[in-house]
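Comments concern the structure below.
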Amino acid sequence: MPIPDELVDYLKEHDLKVKKGKTSLKAVHPSIPVFLVYRFKGKNVVIELDYDEELREVLEDLVESGEDVEDLVDDVLSELRDIAIETSRILEDKGYSCTVRLREGENDIRDIVEDVMESYSEFEFEEE
């Protein structure tokens, strides 16, 4: 069963970088290395949220450049959640059964943000 072109087109319209495998698709956000993963098994699709291992490093660089990392990550997660919901509708209209599992990935990403923010708040405190 091929991955539907409508899904790929929708993801690209939202500026996500799409990487297709045989039975999966990865849609990477342009701001930070966080992505949606679509795993196809016949007519069943599981949509999950995940991140690359360099996420912590990217967030540290953003904190150092003065970026409000918590707001940025909240915006990215919110955007990806909306895209996951909309793409699940697109897939269901094509006859797929979708399971959206974003919570675990969101929690992991928020934990990393919290760790990065804590390490930088300690650093700022020590400097004063």
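Note that my numbering has the sequence shown beginning at 1383, numbered continuously upward.
Glycine is no exception: its CB is placed at the ideal position from the N, C-alpha and C atoms.
ask   = Looking at the unbroken beta strand (DSSP E) that takes in E1520, where does it start and where does it end?
value = Look at the range of the chain in this structure, 1383 to 1510, and you will see that residue 1520 is not part of it.
task = Can you tell me which of Y1478, S1470, V1495 puts its alpha carbon nearest to the alpha carbon of L1484?
result = S1470
ask   = Residues bridged to A1409 by DSSP?
value = BP columns for A1409 point to V1400, L1418.
inquiry  = Runs of 3 residues minimum, wholly inside the segment 1421–1502: which ones carry the beta strand (DSSP E) assignment?
reply    = 1426–1433, 1479–1483
key: Close-in-space but distant-in-sequence residues of the same chain around V1522 (CB under 8 Å, 5 per side omitted)   = For residue 1522 there is no data in the structure shown, the boundaries of the chain being 1383 and 1510.
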